[in-house]
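Here the structure comes first, spelled out in structure tokens, and everything after it is commentary.
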Amino acid sequence: MTEISRYGVLETTSASDVYDVLAEEVRLLGYSALDAALSESELDRYSNLFDEAATRYGADASTKDYNLEDINERDTVRLLPTISPIFWNIVFDERLHQLLSRLLGGYYILNQVNGLINRGHQSKYHQAQYHRDLPYQHFTSSRPLAINALFALDDFTIENGATRVIPGSHHREAFPSDEVVRRLEKQVTVRRGTFIVLDCMVYHAGSTNLTVRDRRAINHVFTIPMLRQQFHIPSVIADPSAFSDQQKKILGYGLEEYRSVDDWLRSRKTKAV
Ligand SMILES: O=C(O)CCC(=O)C(=O)O
Numbered sequence: 340m341t342e343i344s345r346y347g348v349l350e351t352t353s354a355s356d357v358y359d360v361l362a363e364e365v366r367l368l369g370y371s372a373l374d375a376a377l378s379e380s381e382l383d384r385y386s387n388l389f390d391e392a393a394t395r396y397g398a399d400a401s402t403k404d405y406n407l408e409d410i411n412e413r414d415t416v417r418l419l420p421t422i423s424p425i426f427w428n429i430v431f432d433e434r435l436h437q438l439l440s441r442l443l444g445g446y447y448i449l450n451q452v453n454g455l456i457n458r459g460h461q462s463k464y465h466q467a468q469y470h471r472d473l474p475y476q477h478f479t480s481s482r483p484l485a486i487n488a489l490f491a492l493d494d495f496t497i498e499n500g501a502t503r504v505i506p507g508s509h510h511r512e513a514f515p516s517d518e519v520v521r522r523l524e525k526q527v528t529v530r531r532g533t534f535i536v537l538d539c540m541v542y543h544a545g546s547t548n549l550t551v552r553d554r555r556a557i558n559h560v561f562t563i564p565m566l567r568q569q570f571h572i573p574s575v576i577a578d579p580s581a582f583s584d585q586q587k588k589i590l591g592y593g594l595e596e597y598r599s600v601d602d603w604l605r606s607r608k609t610k611a612v
């Protein structure tokens, strides 16, 4: 390909493969899209299992006397892969982790993984208000601290409430003025089977679903290990033996705070060997 023409440029960013390109987009704009390259039949299977898991989750909650609607939890299936383990495959998708390692470095952990249902019939969707995934935070950082890989289980279209983003808003501390939001916001339409990859500090929101069918997605928030998980995932997983050491690291194993100075000193001793 011919080089983009330029003048007065002393420094350029180099990109050696597609993951470098997508990572650069996320750094610059706050979002990008990554195709998980799943077949139509795999996606159909995930969709069916998602619906089953959502039904079981709702039934279990009501048995335990939780009214999900009353507590603003109607649209969310918390820790989806603990209900239907096939969804660990998406959490550990190889392409996604190629990209995450470019953005977050060699050590990052899973903060949350939730099924999201943007219901049809213009029903009110909890995520349809602009927010950061690190809410209440108003600072900028030179590198991403957290990435949301929002997996589209259905095509995201204008009609069914595709995600809106305010490009570049992770570079500013405050939420932009309403007029600037109206001028800059972009709706990200993607085919099912795509991850919308967001810097968690970029302002984004779902949109109202104008169709009659639910629009389903799974959010995966990965952070640097210094940030607290939404769930202490090691406590929720009954049997970790199926996970590799690297996967356990991503799930947050081995991060418990030291409970005593003795514990700290003992850990240094092991490291020194
Ligand atoms: O459902 C969407 O389009 C947006 C989801 C979202 O805002 C989130 O995962 O934080």
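So that you can map any letter, position 58 of the sequence shown is 397 in our numbering, and since no number is skipped, the others follow by simple counting.
Glycine included, C-beta positions come from ideal geometry on N, C-alpha and C.
Bridge-paired residues (DSSP) for residue i
{"i": "isoleucine 486", "result": "Asp538, Phe561"}
{"i": "glycine 454", "result": "Val416, Ile557"}
{"i": "leucine 367", "result": "According to DSSP, leucine 367 bridges with nothing at all."}
{"i": "histidine 470", "result": "His543"}
{"i": "leucine 449", "result": "Phe561"}
Selection from the options that minimises the alpha carbon distance to residue i
{"i": "phenylalanine 514", "options": "Tyr469, Leu419, Glu412", "result": "Tyr469"}
{"i": "aspartate 414", "options": "Leu590, Gly397, Thr609", "result": "Gly397"}
{"i": "arginine 417", "options": "Gln526, Ala393, Asn428, Arg471", "result": "Ala393"}
{"i": "cysteine 539", "options": "Leu484, Pro420, Glu391", "result": "Leu484"}
{"i": "alanine 305", "options": "Thr562, Phe495, Tyr542", "result": "The chain is shown only over 340 to 612; residue 305 falls outside these bounds and no answer can be derived."}
{"i": "serine 379", "options": "Gly532, Ser546, Leu368", "result": "This sequence places glutamate at residue 379; serine is not what is there. Ranking Gly532, Ser546, Leu368 by Cα distance to glutamate 379 puts Gly532 first."}
{"i": "threonine 550", "options": "Leu382, Asp432, Lys463", "result": "Lys463"}
{"i": "isoleucine 448", "options": "Asn487, Ser423, Ile422", "result": "Asn487"}
{"i": "histidine 571", "options": "Asp584, Lys588, Ala581", "result": "Lys588"}
{"i": "proline 474", "options": "Pro573, Glu350, Gln569", "result": "Gln569"}
{"i": "glutamate 617", "options": "Glu518, Phe490, Val529, Phe478", "result": "One cannot answer for residue 617 here, as it falls past the ends of the chain, which runs 340 to 612."}
{"i": "alanine 310", "options": "Asp517, Gln437, Gln461, His465", "result": "Residue 310 falls outside the range modelled here, since the chain spans only 340 to 612, and no answer is possible."}
{"i": "tryptophan 427", "options": "Tyr597, Ser583, Lys610", "result": "Ser583"}
{"i": "tyrosine 592", "options": "Ala577, Ser344, Gln476, Arg605", "result": "Ala577"}
{"i": "arginine 325", "options": "Leu443, Gly507, Asn499", "result": "The requested residue 325 does not occur in the structure, where the chain is confined to residues 340 to 612."}
{"i": "tyrosine 446", "options": "Lys610, Glu381, Leu566, Thr609", "result": "Leu566"}
Neighbour flag for residue i against chain C, beta carbons, 8 Å
{"i": "alanine 556", "result": "Among the chains of the structure shown, chain C does not appear; only one protein chain is present."}
Nearest-angstrom Cβ-Cβ length linking residue i and residue j, presumed shorter than 8 Å
{"i": "arginine 458", "j": "aspartate 553", "result": "5 Å"}
{"i": "alanine 375", "j": "phenylalanine 534", "result": "6 Å"}
{"i": "leucine 455", "j": "asparagine 558", "result": "6 Å"}
{"i": "valine 520", "j": "isoleucine 505", "result": "6 Å"}
{"i": "leucine 643", "j": "tyrosine 370", "result": "This structure cannot settle anything about residue 643, because the visible part of the chain is limited to 340 through 612."}
{"i": "valine 527", "j": "alanine 501", "result": "6 Å"}
{"i": "leucine 373", "j": "valine 536", "result": "6 Å"}
{"i": "proline 564", "j": "leucine 590", "result": "The pair is not a contact, with the Cβ atoms about 11 Å apart (cut-off 8 Å)."}
{"i": "isoleucine 429", "j": "phenylalanine 490", "result": "6 Å"}
{"i": "phenylalanine 561", "j": "asparagine 450", "result": "7 Å"}
{"i": "arginine 441", "j": "aspartate 359", "result": "6 Å"}
{"i": "phenylalanine 389", "j": "glutamine 586", "result": "Phenylalanine 389 to glutamine 586, Cβ: 21 Å. No contact."}
Near ligand 3: residue i beta-carbon under 7 Å from a heavy atom
{"i": "leucine 489", "result": "Among the ligands present in this structure, namely ligand 1, ligand 3 is not found."}
### Message
As an exercise, report each continuous beta strand (DSSP E) stretch of at least 3 residues that is fully enclosed by the segment 373 to 438, in chain order.
### Response
415 to 417
### Task
Scan the segment 473 to 532 and note each continuous alpha helix (DSSP H) run of 4 residues or more that stays entirely inside, going in chain order.
517 to 523
### Message
Which runs of the alpha helix (DSSP H) at least 4 residues long sit entirely within the segment 558 to 601? Give them in chain order.
### Response
Within the segment 558 to 601, the complete alpha helix (DSSP H) runs of at least 4 residues are 572 to 575, 584 to 590.
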